[in-house]
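Working notes, structure below.
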Amino acid sequence: MAANIGRYSLKWMNPSLLLRTSGAQLCQFSGIAATVKSPESEASSLSSFTFEEKSVINEGNDGIYVKAPSNKEKVSAVTMPTSFMTGSIAGKRFYKQAMTRLADDGNGWMVMLDYRTLKTPSKRPLKLPTLSLAKAIAAEWEYQQMDGIRPFTMPLMKLACTALERVPLVRQKVIDNLMSKLHQDLVFCRAPQDSDLTTGIYERQVEKIDPLLDWVEMEFGFKPIVYSSFFGGKQNEGLVKAIESLLKKTDDCELAAIDAMAAAAHSLIISIGIFHGKLQIDEAIELIRLEEDLQIDKWGLVEGGHDIDIADLKVQISSAAVFLGLSRKPK
Numbered sequence: 000m001a002a003n004i005g006r007y008s009l010k011w012m013n014p015s016l017l018l019r020t021s022g023a024q025l026c027q028f029s030g031i032a033a034t035v036k037s038p039e040s041e042a043s044s045l046s047s048f049t050f051e052e053k054s055v056i057n058e059g060n061d062g063i064y065v066k067a068p069s070n071k072e073k074v075s076a077v078t079m080p081t082s083f084m085t086g087s088i089a090g091k092r093f094y095k096q097a098m099t100r101l102a103d104d105g106n107g108w109m110v111m112l113d114y115r116t117l118k119t120p121s122k123r124p125l126k127l128p129t130l131s132l133a134k135a136i137a138a139e140w141e142y143q144q145m146d147g148i149r150p151f152t153m154p155l156m157k158l159a160c161t162a163l164e165r166v167p168l169v170r171q172k173v174i175d176n177l178m179s180k181l182h183q184d185l186v187f188c189r190a191p192q193d194s195d196l197t198t199g200i201y202e203r204q205v206e207k208i209d210p211l212l213d214w215v216e217m218e219f220g221f222k223p224i225v226y227s228s229f230f231g232g233k234q235n236e237g238l239v240k241a242i243e244s245l246l247k248k249t250d251d252c253e254l255a256a257i258d259a260m261a262a263a264a265h266s267l268i269i270s271i272g273i274f275h276g277k278l279q280i281d282e283a284i285e286l287i288r289l290e291e292d293l294q295i296d297k298w299g300l301v302e303g304g305h306d307i308d309i310a311d312l313k314v315q316i317s318s319a320a321v322f323l324g325l326s327r328k329p330k
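Sequential numbering from 0 applies to the sequence shown in numbering that gives the first Met the number 0.
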């Protein structure tokens, strides 16, 4: 499940643990959508995140203590501390079971930790668009160990908080940031052919990347411009406007996923390819790592360096792609 793979995220995880991630586990994570998909008709400091049975205590902004209601049937709530988005551990596990339920208004799905409704760091209910996504996030919570809740093992939860809280407030800034890097996109840059250090790279780029560029031309009606300058070139204004128009039409979950994939891939075009179903996860990772993998074939792999980078990239791209798929309502 997601938690089995997400726990190896590079940003917070001990590299020695990340190295023990098997290829099968990484493949399993990319297939999480199939394991949790169900019909929609089914009814930066560490924080203290503790459950107190007898008292309500609030210590600062990070301390979260929740009083158990006298009537266990009555729904209480658990608010995620802000440090959940950045910290390594958010306190010990205080719940027995993670479940899902239909939102009170019948529009969306909630995650329950025992009888408590899960909330975002800003104390808004974590209201998810599909049951599939709610079940996947509940699975991340279910796989937490008793000795500590580790946010870095819950990439879907983090993306959900980003989509529900951050994107609505800074949507245009997210789009502007993505568009500002379009001209330097990875797929538009070609290796020079007159250097021994890049022998074979140009030919592989033509073989692997040109089909994606042909699809971009067919999809948006404008031919992408390739270049060999490290500083990038300038794309056709029509292509720029067409891509920006696409981003503006996305919902918050889609934009959050595209932004996460683009950041990991250094390529908005690759993330759009995944968004449209043109690229599968393994195909996208191959394009992202094309040049570096050729250098590894030539000079060798550095253990504790290249292998960690590869595993972390797989987690980042897979989690965002899975989040994208699970957040979409069946048509």
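Even glycine gets a Cβ: it sits at the ideal position worked out from N, Cα and C.
Of the candidates LYS157, ALA138, GLN204, MET145, GLN204 places its Cα closest to the Cα of ASP292. Annotated as distal: LEU177 and LEU312, with beta-carbon spacing of 8 angstroms or more. Per DSSP, the unbroken beta strand (DSSP E) holding ARG100 starts and ends at 97 to 101. A residue is called buried once 16 or more other Cβ atoms fall within 10 Å of its Cβ, and GLN279, having fewer, is exposed. Residue ranges of uninterrupted alpha helix (DSSP H) with 4 or more members, entirely inside the segment 288 to 325 and ordered along the chain, are 289 to 298.
The beta carbon of GLN143 lies closer than 6 angstroms to those of ARG92 in the same chain, with the five residues before and after it left out. For TYR142, the three-state secondary structure derived from DSSP is coil. Contact annotation: ALA162 and ALA137 have beta-carbon atoms that are not nearer than 8 angstroms. Rounded to the nearest whole angstrom, the CA to CA distance from MET145 to THR249 is 38 angstroms. Beta-bridge partners assigned by DSSP to PRO124: LYS118.
In the three-state reduction of the DSSP assignment, VAL169 falls in the helix class, which pools H, G and I. The criterion of a C-beta distance shorter than 8 angstroms is satisfied by ALA135 and LEU325.
Residue range 200 to 219 is occupied by the alpha helix (DSSP H) that includes MET217. Annotation for MET156: the continuous alpha helix (DSSP H) segment containing it runs 154 to 160. For GLY231, the secondary structure class from DSSP, reduced to helix, strand or coil, is coil. For the pair of segments examined, the segment 222 to 232 was found to touch the segment 173 to 188: the number of CB pairs separated by less than 8 angstroms reaches three. In the DSSP annotation of this structure, VAL239 is not part of any beta strand (DSSP E); the continuous alpha helix (DSSP H) holding it starts and ends at 236 to 248. A straight line joining the alpha-carbon of PRO191 with that of HIS265 spans about 20 angstroms. Secondary-structure assignment with DSSP links MET111 through a beta bridge to MET98, THR116. In the structure shown, the three-state DSSP call for GLY147 is strand.
With a 10 Å radius around the Cβ and a threshold of 16 neighbouring Cβ atoms, VAL215 comes out buried. Cβ atoms of ARG100 and MET109 come within 8 angstroms of each other, at about 5 angstroms.
Note: CYS188 is bridge-paired with TYR226 in the DSSP secondary-structure output.
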